[in-house]
């Protein structure tokens with residue numbers, strides 16, 4: 002696979018995960034320039050220890066030999082052996098004592114630059130005393146000696162706690178974070194989580210258990226080779242007796258720790274040997290026992306000339322999306338449109354009653370253009386002005402920028418994105434910035450404007466109620482975030498609080514990047530169908546990780562088709578095929594649910610004991626048929642949310658496709674969701690779709706209305722006429738659901754897509770106001786809009802209301 006080779010600093014603890022991640026770096030053609038290790042020491046100095054691979058290893062430092070530091074971040078058992086890794090691998094090793102402790106115990110790490118800058122002379126800010134910051138001086142020292150270093154690898158598998166801290170340090174130093182094992186257990190088709198251990202064994206990695214700390218594993222398991230069939234079986238059998246949580250077989254919750262003593266000849270030129278008498282068990286109490294390792298030495302290995310590095314990696318497409326790719330691919334010559342899914346005309350969830358505004362949390366939405374006074378080509382100044390306006394709007398409501406859940410950025414020219422990103426990123430210095438979708442519409446923006454930003458945030462929200470997924474490391478799972486955005490943010494949709502409250506999930510736009518390399522597919526593989534399926538898998542994996550149980554609606558953005566309208570019709574139908582197949586019921590649900598995080602295991606009562614019941618093993622499917630009404634469960638095709646294909650000027654990274662799911666629903670009650678399609682509603686050629694969710698006494702109604710494109714030589718529709726018809730259609734569509742008082746609901750959509758070949762300029766009001774006022778609603782100007790049946794549309798508009806029923 003073609004790749005851009007990186008020069009990697011490998012964080013190693015001695016454990017299996019950090020070394021297996023290092024092997025994956027070699028597998029991808031990267032060069033490991035240095036090993037870096039942090040270890041416990043009774044000394045207070047942070048002096049650097051440099052171990053030359055061709056020199057004798059240094060004598061062990063003075064350390065607390067009879068206790069384990071039990072760090073949240075770093076493995077410390079067996080630290081006496083670490084200096085041997087330089088000579089064993091031929092790679093220079095840099096070591097430094099761990100300073101500080103786990104001061105910042107939040108799951109997502111937030112280093113406060115301002116606090117560090119404002120600290121009194123001689124006083125360390127709180128962040129500086131956190132053990133995470135021990136990495137900074139160590140890595141700076143390595144980078145000074147290896148200026149070519151541009152990446153940092155670590156062995157995070159399921160722990161956001163550890164991954165986010167390594168990412169924070171790496172990005173502050175300008176290093177690309179690599180976590181090839183992230184979510185690895187969930188990516189091996191048809192395998193249990195212990196498949197990772199078997200893959201390690203297959204690569205030649207020999208990892209021995211040096212600490213046990215759970216019921217089920219005891220002193221008899223110490224020095225077991227966990228990367229062997231016997232070792233895997235022994236560990237799994239012991240842990241199962243106590244109902245171990247997800248990740249336990251890998252030691253993710255601290256059940257056990259390992260020490261690597263040998264590996265493939267591509268990395269280990271000599272092996273580490275520890276005599277039987279040098280392995281002294283130390284009992285810490287509470288079921289924890291670890292080995293004090295003494296007398297470690299190197300042994301020569303038989304020469305293995307020409308041996309290849311055997312490092313298996315998960316398939317790029319999992320079984321579900323491979324079947325999607327392989328199924329329709331054989332019938333792409335069939336130009337018949339995907340069938341319109343059947344759908345009921347009325348909702349069984351609604352009573353004939355009067356609708357009125359509900360008391361759920363309101364959503365604030367801003368749509369902002371610059372004021373037009375900047376000369377052409379000054380997109381950076383436009384970005385600065387819009388960012389300044391967002392800051393002032395937030396300040397007027399006494400809200401921080403971290404409240405924002407999602408943004409949609411529309412550019413005139415995608416080449417301007419780096420300049421916009423610099424200014425935009427200044428809004429979000431904290432972890433978990435908003436999810437973001439970025440597209441370019443070319444000259445469809447109003448004259449003199451190069452940038453349009455749409456912002457969504459909850460009006461009332463406790464900071465703890467906003468959750469995010471912000472993975473910035475390369476892995477096999479899904480594309481890393483490059484820039485100030487998260488894969489997904491979720492926020493409550495009702496006033497009800499707690500883990501099980503109904504929530505809205507906003508996912509970033511997904512393009513078909515290969516996660517491990519962050520490159521688009523090579524030309525030989527870059528057929529459009531392949532890209533459509535891969536980028537949809539990214540959306541699905543993020544949705545599953547965020548426990549999305551159904552989507553409300555979506556668009557697939559496409560770059561211009563070389564064959565004009567005929568090509569877009571085919572692209573829309575392709576997107577529809579993939580979307581419908583992704584929603585098709587499977588005979589066997591795939592268990593893609595991620596396990597508890599290290600943070601959960603230490604701080605969340607839901608996960609703090611083994612055998613914690615359904616909370617630890619709950620499975621969320623996407624789509625989750627149980628959330629739909631019984632009538633729709635018996636007709637799965639009626640549960641497919643509406644999808645549209647939108648033709649834009651260009652997409653990020655030159656991609657041909659980008660998926661944008663408008664909203665995912667998390668924690669709807671069983672049987673509380675119904676999807677309703679009304680083929681004809683309101684004046685003219687309008688049609689509508691509704692997702693109705695009943696939550697306690699509230700109704701959440703997500704409405705999509707669309708106007709068919711008349712085509713021909715007819716004069717373009719006046720925007721003000723379209724706007725009026727849009728409002729009437731919305732009201733009539735709600736009334737037809739049985740919400741007879743729906744005229745009180747807002748007539749203003751929160752997002753619209755408008756084909757400017759069918760509708761005249763929507764920017765006249767903006768021009769009349771001089772650009773100093775906010776737009777009434779978000780507009781994405783498009784070259785064309787299509788249904789998945791290949792029908793062209795003039796516009797699509799989205800509404801979301803929280804309503805209550807009376808009467």
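Numbering (the working numbering), first residue to last: 2 to 808. Where a beta carbon is used, it is the ideal one built from N, C-alpha and C, also for glycine.
Same chain only: Cβ atoms within 7 Å of residue 258, ignoring 5 sequence neighbours per side
16, 76, 78, 211, 212 and 252
Residue 653 and residue 515: beta carbons closer than 8 Å?
no
Buried versus exposed, by CB contacts within 10 Å (16 or more), residue 241
exposed
Beta strand (DSSP E) runs wholly inside the segment 6-56, at least 3 long, in chain order
8-12, 32-40 and 50-52
Identity of the residues DSSP links to residue 367 by a beta bridge:
456
Ranges of the beta strand (DSSP E) found wholly within the segment 225-289, counting only runs of at least 3
257-263, 271-274 and 280-286
Look up residue 676 in the DSSP assignment and say whether it is helix, strand or coil.
strand
Quick check on DSSP: helix, strand or coil for residue 800?
strand
Quickly, what does DSSP pair residue 753 with across the bridge? List them, please.
780 and 798
Grouping DSSP H, G and I as helix and E and B as strand, with all else coil, what is residue 531?
helix
Counting C-beta neighbours from all protein chains within 10 Å, is the total for residue 800 16 or more, i.e. buried, or is it exposed?
buried
Between the segment 425-445 and the segment 484-491, are three or more C-beta pairs nearer than 8 Å?
yes
Does the segment 410-423 come close enough to the segment 438-454 that 3 or more CB-CB pairs lie under 8 Å?
yes
Going by alpha carbons, who is nearest to residue 88 out of 298, 379 and 673?
298
Check residue 507 in the structure and name its three-state DSSP category.
strand
Endpoints, beta strand (DSSP E) assigned at residue 379
Residue 379 -> no beta strand (DSSP E), and no H or E assigned at all.
Would you say residue 206 and residue 86 are within 8 Å of each other, going by their C-beta atoms?
no
Assuming residue 236 and residue 218 are in contact, meaning their beta carbons sit under 8 Å apart, how far apart are those beta carbons, in whole angstroms?
7 Å
Whose CA, out of 289, 296 and 56, lies closest to the CA of residue 276?
296
Is DSSP giving residue 793 helix, strand or coil here?
strand
How far does the alpha helix (DSSP H) with residue 186 in it extend, from its first residue to its last?
185-188
Residues near residue 519 by beta carbon distance below 8 Å, same chain, minus five either side
475, 480, 481 and 483
Bridge partners for residue 651 per DSSP, in chain order?
441
Taking only the alpha-carbon atoms, compute the straight-line gap between residue 451 and residue 763 and give it to the nearest angstrom.
16 Å
Coil, strand or helix - residue 702 by DSSP
strand
Spatial neighbours of residue 13 within its chain, please: C-beta separation below 6 Å, excluding the five flanking residues on both sides.
19, 36 and 38
Just to confirm my understanding: we take residue 730, look at its own chain, exclude 5 residues before and 5 after, and list those with CB closer than 6 Å. What are they?
682, 683, 687 and 706
Within a Cβ cutoff of 7 Å, which residues of the same chain sit near residue 668, ignoring the five residues on either side of it in sequence?
501, 502, 503 and 504
Can you check whether the CB of residue 678 is closer than 8 Å to the CB of residue 555?
no
Counting pairs of Cβ atoms below 8 Å between the segment 267-284 and the segment 319-328, do you hit three or more?
no
Nearest candidate by alpha-carbon position, reference residue 643, set 384, 174, 580 and 286:
580
Any idea what DSSP makes of residue 181, helix, strand or coil?
coil
What does the Cβ neighbour count give for residue 363, buried or exposed, with the cut at 16 atoms within 10 Å?
exposed
Cβ-Cβ distance between residue 573 and residue 537 below 8 Å:
no
Give me whichever residues DSSP pairs with residue 212 in a beta bridge.
258 and 291
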